[in-house]
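Take a look at the structure set out below.
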Amino acid sequence: MIKLSSIIPSQGLQFILMKKNPELSQHLEQCHAKVTKCCAIKISNSIYNNNTLSEYCCQKHITIGKACHDDFKKLFMSKLSNEKVTFVVGMGDQIWNHCVAIVDLAPIASTLSILP
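Quick look at the structure:
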């Protein structure tokens, strides 16, 4: 099992990233703002520990967009040993595809009112 504290961006990592690449840091913060902290942890758990995401967290994950998903995956991969990178790439892609399928199947709220 992979320790979440070693892969979830901490304030220290954000500070280092901000100094090295402020545009990437700002981009990732904008991405992160679209997901609740609870769902962010569950997304990380699903990728690194093969847990299943709820429909709610899948919806939150899809709202960040594929570019944000891929950028977070790259950031996390940079903190892992080479033997774990292939696993993370595969699981990250599986989770993204799983969430896309769940969100596509979810009922869409009607914009039409049935009341006069």
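The sequence shown begins at 51 in the working numbering and counts up by one. Backbone N, C-alpha and C define an ideal beta-carbon position, used for all residues, glycine too.
{"Asked": "Ignore the nearest five residues each way along the sequence and tell me which others in C107's own chain have a CB closer than 7 Å to its CB.", "Found": "C89, K92, I93"}
{"Asked": "M127 and V135 - do their beta-carbons sit closer together than 8 Å?", "Found": "yes"}
{"Asked": "If you count every other CB in all the chains shown that lies within 10 Å of the CB of K129, and 16 or more means buried, which is it?", "Found": "exposed"}
{"Asked": "Work out the CA separation of N132 and H82 for me, nearest whole Å.", "Found": "25 Å"}
{"Asked": "Excluding sequence positions up to five away, which residues of its chain have a Cβ less than 7 Å from the Cβ of I152?", "Found": "E105, C108"}
{"Asked": "Hey, L78 and I145: beta-carbon distance below 8 Å or not?", "Found": "no"}
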